[in-house]
Amino acid sequence: MKEALQQILEDAKKRLQEAQSLQEAEDVRVKMLGKKGQLTSILKSMGGLSPEERKELGMQANKAKGEIEAMLNRTFEQLKEKAQEAKFKAEKIDVTEPGKEFKLGTKHPVTITIEEISKVFKSMGFTLVEGPEVETVYNNFDALNAGPNHPARDWTDTFYINDDVLLRTQTSPVQVRTLKSQKPPIRVFAPGRCFRCDTPDATHSPMFHQVEGLVVDEGITMADLKGVLDSFAKQMFGEETRTKFRPHHFPFTEPSAEMDVSCFKCGGKGCRVCKGSGWIEILGCGMVHPSVLKVGGIDTEKYTGFAFGMGVERVAMLKHEIDDIRLLYENDMRFIEQFK
Ligand SMILES: [Zn+2]
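In structure tokens, the structure reads:
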């Protein structure tokens, strides 16, 4: 019996030293100390012994049990630590490993230009407003003083959805929506997409962008219009930029004008960009026609206002010397990436 105990003890020690996992250590515990374990069966078989022998063997068996338990505890601890270390090792982040390349896109030149224009008008206290691209015929034409016989209303110039709805041909209907929904003082600008039945060529696209502006308050005059737009031109094209206003006609403004800026490429001497004239036409503007103000229920005896609109593509093409509007919509990355 004594030899058997000694054998069990040594066997347990050896197996625990070799144990590589918690499961293997647990197997040793079951094999030695479990209900059907080797040590348990020795204790069970002591019934046939004399009381003295039983006492002595019992003491030795308990001592062996204690030793095995202590060994088991140590082994469990060590194996747990080992498992933890392995886990840390596996989860370790290698900070020296090169990062994954992340391809950043670039802003489209039209977006860049809208942002540049917006920045200038925001700095002058204008608020950004927006309107739908699918508009009523009334907001796009009638409310803007373009009567039933106005040439722009022609079926061949405008994308009609039906008799009363169309794709807006200009951002000016946002003026109508603003006049109906806001009370003076009004100071807004509205960038957005417009549509006309144009065959694409170097300077025309059936889809294009405009930025509209509208100011309505007491005592607004043509001097305010000129001051705001001259300041815009200087901020947009450079401090030395000069402006000039030429009389023009728009149905929704009276008087109306077109604004030219001195060529930012040659400074007015004449070059390819300004086609030799030294001036570049940049936008249309004027004092808001009283009948347009009346659409918004605004007292025309008390309030006056001015409005302006410009083509975004035109500004982008001039600033970046792009000679064909179609380049802006081909989505060729080699072209777009130049505007990083
Ligand atoms: Zn020039």
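Counting from 1 along the sequence shown, just add 680 to a position and that's the residue number in the working numbering. For every residue, glycine included, the Cβ atom is placed at its ideal position computed from N, Cα and C.
In the DSSP assignment, find the beta strand (DSSP E) that holds residue i and state where it starts and stops.
i: Met967; result: 959-968
i: Ile866; result: 866-875
i: Asp1022; result: Absent from the structure is residue 1022, since the part of the chain shown begins at 681 and ends at 1020.
i: Pro927; result: 923-930
Between the alpha carbons of residue i and residue j, how many angstroms are there, rounded?
i: Gln697; j: Thr755; result: 8 Å
i: Lys693; j: Pro731; result: 30 Å
i: Gln764; j: Glu796; result: 57 Å
i: Arg1070; j: Gly893; result: Nothing can be reported for residue 1070: it is not among the residues displayed for the chain, which extend from 681 to 1020.
i: Met712; j: Glu690; result: 11 Å
i: Glu749; j: Leu719; result: 12 Å
i: Arg848; j: Glu1017; result: 30 Å
i: Arg922; j: Ala987; result: 20 Å
i: Met902; j: Thr933; result: 11 Å
i: Met990; j: Thr883; result: 15 Å
i: Gln915; j: Phe888; result: 23 Å
i: Val968; j: Val995; result: 24 Å
i: Asn1011; j: Leu784; result: 16 Å
i: Glu771; j: Ile688; result: 40 Å
i: Glu813; j: Asp1003; result: 27 Å
i: Ser803; j: Glu981; result: 30 Å
i: Ile1005; j: Glu993; result: 7 Å
i: Glu747; j: Asn753; result: 10 Å
i: Gly918; j: Asp844; result: 43 Å
i: Arg734; j: Gly727; result: 8 Å
i: Leu737; j: Val708; result: 22 Å
i: Phe1029; j: His830; result: In the structure as shown, the chain begins at 681 and stops at 1020. Residue 1029 is therefore absent and cannot be evaluated.
i: Phe668; j: Gln862; result: The requested residue 668 is not part of the displayed model; the chain covers only 681 to 1020.
i: Lys906; j: Phe1019; result: 31 Å
i: Val868; j: Met1013; result: 34 Å
i: Pro864; j: Asp910; result: 23 Å
i: Asp904; j: Tyr1009; result: 36 Å
i: Glu781; j: Asp774; result: 17 Å
i: Val817; j: Gly948; result: 41 Å
Can you name the start and end residues of the alpha helix (DSSP H) that residue i belongs to?
i: Leu847; result: First-last for Leu847: 845-847, but that is the beta strand (DSSP E), not the alpha helix (DSSP H).
i: Arg1014; result: 1013-1016
i: His830; result: No alpha helix (DSSP H) holds His830; DSSP gives it neither H nor E.
i: Asp904; result: 902-917
i: Met997; result: 992-1000
i: Ser936; result: No alpha helix (DSSP H) holds Ser936; the beta strand (DSSP E) holding it covers 933-942.
i: Ser712; result: With the sequence shown as reference, residue 712 is identified as Met, and Ser is not the correct amino acid for it. Segment 702-713, the alpha helix (DSSP H) holding Met712.
i: Ile688; result: 682-698
i: Ser861; result: 853-861
Which same chain residues, not among the five before or five after residue i, have their C-beta less than 6 Å away from its C-beta?
i: Gly956; result: Gly950
i: Gly976; result: Leu859, Lys860
i: Ala744; result: Leu685, Leu689
i: Leu1007; result: Phe1015
i: Lys945; result: Cys951, Val953
i: Phe912; result: Val800
i: Ser701; result: none
i: Asn819; result: Pro853, Val856
Chain C beta carbons: is any one of them nearer than 8 Å to that of residue i?
i: Ala699; result: In the structure shown, chain C does not exist; there is a single protein chain.
Can you list, in chain order, the residues of its chain whose CB lies under 8 Å from that of residue i, leaving out five sequence neighbours each side?
i: Gly899; result: Thr984
i: Ser798; result: Leu808, Phe869, Pro871, Val891
Between which residues of its own chain and residue i is the CB-CB distance below 7 Å, once the five residues before and five after are set aside?
i: Ala937; result: Phe925, Arg926, Pro927, His928, Cys965, Gly966
i: Gly717; result: Val710, Lys711
i: Glu961; result: Glu938, Asp940
i: Ala705; result: Leu696, Ala699, Leu752, Thr755, Phe756, Leu759
i: Cys943; result: Cys951, Val953, Cys954, Gly958, Trp959, Ile960
**Item:** Residue ranges of each beta strand (DSSP E) within the stretch 753-818, 3 or longer
**Value:** 814-816
**Asked** Per the contact definition of three or more C-beta pairs closer than 8 Å, is the stretch 872-889 in contact with the stretch 834-842?
**Response** yes
**Request:** Decide if the stretch 785-792 is in contact with the stretch 995-1010; the criterion is three or more beta carbon pairs, one per stretch, under 8 Å apart.
**Result:** yes
**Three-pair Cβ contact test at 8 Å for the stretch 852-872 versus the stretch 820-831** = yes
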